[in-house]
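S.K.: In UniProt numbering, the protein residues as written are 1 to 397.
C-beta atoms are modelled at their ideal positions from N, C-alpha and C, and glycine is treated no differently.
Structure below; questions to follow.
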Amino acid sequence: MEACEAVEREISKVITKFSGIKEDSSNSINELISILSLYLASLRNLEYNSKTPEQQIEELKNVIKKCKSKVQTISTEHRNSHASVSKVGKAIDRHFTQDYNNESITPYDLFESDKHIEILNQIIAEHFYRQGLNEVADSLVTESKLPPEEDIHLELFADLYQMWEAITHKNLTPALEWVTQYSSELEARHSSLEFKLRRLAYLQLLQQGVNSQAEAIAYTRAHFNKFINRFEKEIQMLMGCLIYLPSGYGDTPYDSLFSEDLWLETADSFIKESCEIVGVNKDSCLEIIVNSGCYALPALMNLKQILLKNRVSGVWVENRELPIEIDLGSEFGFRYHSVFTCPILKVPTNENNPPMRLKCGHVISKDAMHKLVRGLLLKCPYCPKESGVSEAKKIHF
Ligand SMILES: [Zn+2]
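Listed below in structure tokens is the structure:
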């Protein structure tokens, strides 16, 4: 964060400098124009012809001299501006690791095969589809020759994402329509989402001033009744707001209700709950990968240095897995395992021998499953439950 702030400081210096230069340059250019216009006018004047050639030359020389000095001022300022721009570059070099390309973090090339590159492109395309940027995603799919995307989840998420975006732009209509459509599902979950959205709609009415008082009261009567048992305190507070409607909410106990945080929090609750109800993942793969990658990067850099120093970097190459466990912090809420070791055969699973989830919920490798199967049935080695081989599902790590 400190590094970003340092670079940001340099950037704001450049912006200030540029606006100064813009003003000075346009002044200089205007002066230049007026010098030339004056000279042009004098050329057209009859008086000019009465001057001796020497006088005419002297006059021209004077004009050229003035023009030159103005142009010089502009070009000096322009040259100086480069210095402040290059300071930004230097600040970036100073505060960030220069180039990860030259020095790969892993000892092997992650994108060595076309398959890996295809997966990467697919993840990026999915991310665009999720955000409703269909045109961009379509171009990527065509240009990288990916199979056309038919995942219905992407469309579902794109719709929800647009509603989320609308909330952040203070437009509650699409989200309110959605909660009305899914009210029974929300109720079954004891969700507070509809209340949160209705609360914002009511506060939005209050912000329109005293003229909207009747409308605001009508809104509470229409929509808050069903929440009275669960949100009694909150509703009391919302009603209390009416007292200050004529005088405004600055320096009142209700001021915090009008903060931007409430909008962001509600928008986040919306995307979380709606994704859970519709059954799509809230986070895109790309987002998860980039976030966890940024988090893990410093640890991996340190690790690489240590391995190099002790000349044991081969450890990493042999196993093709991270030699240490990296805590992704509470930010992500769960852990990621890139490797699953079969508890029966004690070998890591791979594409040919993937982990399989049995009907009872226990996971073993496909090879182990085939070893344990009797006829078409399989007895779980961890619980006595029997299930069909066809009921086992492949799990992706
Ligand atoms: Zn079991």
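1) Going by beta carbon distance, what residues of the same chain come within less than 8 Å of S192, once the five residues before and after it are set aside?
2) Buried or exposed for L60, please, with buried defined as at least 16 other CB atoms from any protein chain shown within 10 angstroms of its CB.
3) Give me the residue from C360, D327, N310, K282 with the minimum Cα distance to A296.
4) Would you mind stating whether L146 and A125 have Cβ atoms separated by less than 9 Å?
5) Thinking E5 and K87 are a contact (beta carbons under 8 Å), I'd like their distance in whole angstroms, please.
6) Whole angstroms are fine: how far does the CA of V7 sit from the CA of K90?
7) Exposed or buried, E194, counting other C-beta atoms within 10 Å across all chains shown (16 or more means buried)?
8) Could you compute how far the alpha carbon of R130 sits from the alpha carbon of K115?
9) What is the DSSP secondary structure of P393, counted as helix, strand or coil?
10) For ligand 1, I want to know if L358 counts as a neighbour, meaning its beta carbon is within less than 8 Å of at least one of the ligand's heavy atoms.
11) Quick check: what's the CA-CA separation for V389 versus E265?
12) Going by C-alpha distance, which of E165, I324, I92 is nearest L303?
13) Taking L322 as the reference, which of G248, P148, M301 has the closest Cα?
14) Rounded C-beta distance between K393 and R357? I'm assuming under 8 Å.
15) Please classify K22: does DSSP put it in a helix, a strand, or coil?
16) Locate the alpha helix (DSSP H) running through I364, then write down its first and last residues.
17) My understanding is that T220 touches M239, with C-beta atoms under 8 Å, so please give their C-beta distance in whole angstroms.
18) Quick test of the definition: if touching needs 3 or more C-beta pairs under 8 Å, does the region 61-77 touch the region 25-36?
19) Run through DSSP, which three-state label would P53 get?
20) Buried or exposed for I306, please, with buried defined as at least 16 other CB atoms from any protein chain shown within 10 angstroms of its CB.
21) In this structure, does DSSP put E386 in helix, strand or coil?
M.R.: Per the coordinate set shown:
1) R230, F231, S269
2) exposed
3) D327
4) yes
5) Contact flag wrong, Cβ pair sits at about 15 Å.
6) 9 Å
7) buried
8) 22 Å
9) First, the residue type needs correcting, since residue 393 is Lys and not Pro in the sequence shown. Note: K393 maps to strand in three-state DSSP.
10) yes
11) 45 Å
12) I324
13) M301
14) 5 Å
15) helix
16) No alpha helix (DSSP H) holds I364; the beta strand (DSSP E) holding it covers 363-365.
17) 7 Å
18) yes
19) helix
20) exposed
21) strand
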